[in-house]
Amino acid sequence: MTEIIKKYRNTHDILLCGDENGSIHRSKTSHNPLLKKFLAENSLELNQEYPEKETFFHHNRKSSGQIDYFFSSSKDLTQYVQILDMEAEKTSDHVPVIATIKRKLIRKSKNPKSVIVRTKWEKCNLQKYQLTISDGVEKILQASNKNIEEDITSIEKKHQRFTKEKHALWKNGGAPKDKNNPLKSQLTTAKRLLRKAHRQAYASQREKLANQIMTASSSDNKLFHKLLRTQRSDGNRFTKTLQRDNQMDETNEDILHMWTISTSYQIQTISRI
Numbered sequence: 001m002t003e004i005i006k007k008y009r010n011t012h013d014i015l016l017c018g019d020e021n022g023s024i025h026r027s028k029t030s031h032n033p034l035l036k037k038f039l040a041e042n043s044l045e046l047n048q049e050y051p052e053k054e055t056f057f058h059h060n061r062k063s064s065g066q067i068d069y070f071f072s073s074s075k076d077l078t079q080y081v082q083i084l085d086m087e088a089e090k091t092s093d094h095v096p097v098i099a100t101i102k103r104k105l106i107r108k109s110k111n112p113k114s115v116i117v118r119t120k121w122e123k124c125n126l127q128k129y130q131l132t133i134s135d136g137v138e139k140i141l142q143a144s145n146k147n148i149e150e151d152i153t154s155i156e157k158k159h160q161r162f163t164k165e166k167h168a169l170w171k172n173g174g175a176p177k178d179k180n181n182p183l184k185s186q187l188t189t190a191k192r193l194l195r196k197a198h199r200q201a202y203a204s205q206r207e208k209l210a211n212q213i214m215t216a217s218s219s220d221n222k223l224f225h226k227l228l229r230t231q232r233s234d235g236n237r238f239t240k241t242l243q244r245d246n247q248m249d250e251t252n253e254d255i256l257h258m259w260t261i262s263t264s265y266q267i268q269t270i271s272r273i
């Protein structure tokens with residue numbers, strides 16, 4: 001009790017009420033000095049007009065006393081205290097004690113807590129339940145796939161910009177061929193990350209197309225054959241990666257430059273023949 005009072009004394013009004021098992025008006029038992037010591041150590045007291053009246057009557061009718069109290073950290077906290085009389089029809093050995101508190105309580109609205117109850121399967125429509133679960137799972141998977149595709153596309157664009165920046169720095173720095181050169185090393189790393197992003201994007205597209213084909217095969221025959229034609233044809237007419245010997249380029253400028261060099265080399269070879 002002392003720990004609770006110390007913890008909340010600076011932020012709350014302290015009100016201690018109930019059967020204290022001790023009295024401040026008598027000293028016959030060992031409980032009374034302990035109660036008075038506790039009140040003094042925690043600065044608890046009665047209000048100025050607190051009535052002195054017995055609140056406890058032993059069932060043997062030989063002992064009684066005032067042991068039910070309203071103690072507070074300030075005398076003006078309890079405005080009015082009333083100790084009722086013992087009634088014949090009451091079975092308790094304590095009488096009611098009523099107090100009016102001079103504070104306005106502010107109730108904070110609490111959000112209702114959702115209670116998870118055990119499902120009564122014998123009262124459930126299992127077919128409807130299974131359909132609901134299937135639809136819910138399908139929507140979650142579709143949303144997840146969409147988010148993954150968007151993330152992969154975003155990463156791919158980010159690496160494209162990063163590679164272009166490193167290529168520009170490398171080119172402005174004299175286009176060094178030495179692998180140990182920082183500009184060349186940074187460009188190589190950027191290209192490696194870009195190729196990885198390309199592979200992830202292509203894999204995502206293939207997986208999406210395969211899922212569409214599987215879905216359409218059972219629901220939309222026209223769409224099914226359209227998707228098959230798309231899969232069998234080479235829909236990507238643009239070169240995104242060009243490799244010659246041990247060199248691989250992926251930006252438009254690098255691919256065009258490599259293509260020009262390769263074409264010139266082939267023409268020179270044909271001319272010599």
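The sequence shown: position 265 = 265 (UniProt numbering), numbered continuously.
Glycine residues also receive a C-beta, built at the ideal position from the N, C-alpha and C atoms.
(message) Strictly by DSSP, which residues pair up with T153?
(response) DSSP lists no partner for T153.
(request) Grab me the residues of I273's own chain with a C-beta within less than 6 Å of its C-beta, minus the 5 sequence neighbours each way, in chain order. (result) Legend: pLDDT at I273 = 41, less than 50; position of this residue unreliable, no value from coordinates given.
(request) Would you tell me roughly how many angstroms separate the C-alpha atoms of R9 and S74, rounded to the nearest one? (result) 11 Å
(request) Could you pull out every residue in the same chain whose Cβ sits closer than 6 Å to the Cβ of V95, ignoring the five residues on either side in sequence? (result) T55, L84 and M86
(message) Suppose the cutoff is 7 Å on Cβ atoms and the five residues either side in sequence are ignored; what does the same chain contact list for L16 look like?
(response) Excluding residues up to 5 positions away in sequence, L44 and F71 lie with their Cβ nearer than 7 Å to the Cβ of L16 in the same chain.
(message) One question on the structure: do T153 and L194 come within less than 7 Å of each other, judged by their Cβ atoms?
(response) no
(request) Report the option in N21, E20, Y129 and I101 whose CA atom is closest to the CA atom of K120. (result) Y129
(message) So, does the region 22-42 touch the region 112-126, judging by three or more C-beta pairs under 8 Å?
(response) no
(message) Given this structure, state the Cα-to-Cα distance separating R161 from P182, to the nearest angstrom.
(response) 19 Å
(request) Tell me, please, which residues DSSP counts as bridged to E45. (result) S72
(message) Using 8 Å for Cβ pairs, my map puts D93 next to G18. What's the rounded Cβ distance?
(response) About 14 Å; that fails the 8 Å criterion.
(message) Quick check on the DSSP output: what are the complete beta strand (DSSP E) runs of length 3 or more inside the region 60-129, in order along the chain?
(response) 68-72, 78-83 and 97-101
(message) According to DSSP, F56 sits in a beta bridge with which residue or residues?
(response) G65 and H94
(request) Output the distance between the C-alpha atoms of Q48 and A40, rounded to the nearest integer angstrom. (result) 16 Å
(message) Assuming G18 is part of the beta strand (DSSP E), what are its boundary residues?
(response) L15 to D19
(message) Within 10 Å of its beta-carbon, does H126 have 16 or more other beta-carbons around it, so buried, or fewer, so exposed?
(response) In the sequence under discussion, the amino acid at residue 126 is Leu, which differs from the His named in the question. Under this definition L126 is an exposed residue.
(request) Take the Cβ of Q66 as the centre, count every other Cβ of all protein chains shown within 10 Å, and call the residue buried at 16 or more, exposed below. (result) Buried is the label assigned to Q66, since at least 16 other Cβ atoms lie within 10 Å of its Cβ.
(message) Measuring only the C-alpha atoms, how far is I14 from A88?
(response) 34 Å
(request) Measuring alpha carbon to alpha carbon, tell me which of K157, S30 and G173 ends up nearest Q200. (result) Ranking the options by Cα distance to Q200, first place goes to K157.
(message) Rounded to the nearest angstrom, what separates H159 and G174 at their Cα positions?
(response) In a straight line, the C-alpha of H159 is about 23 Å away from that of G174.
(request) Specify the secondary structure class of D178 as computed by DSSP and reduced to three states. (result) coil
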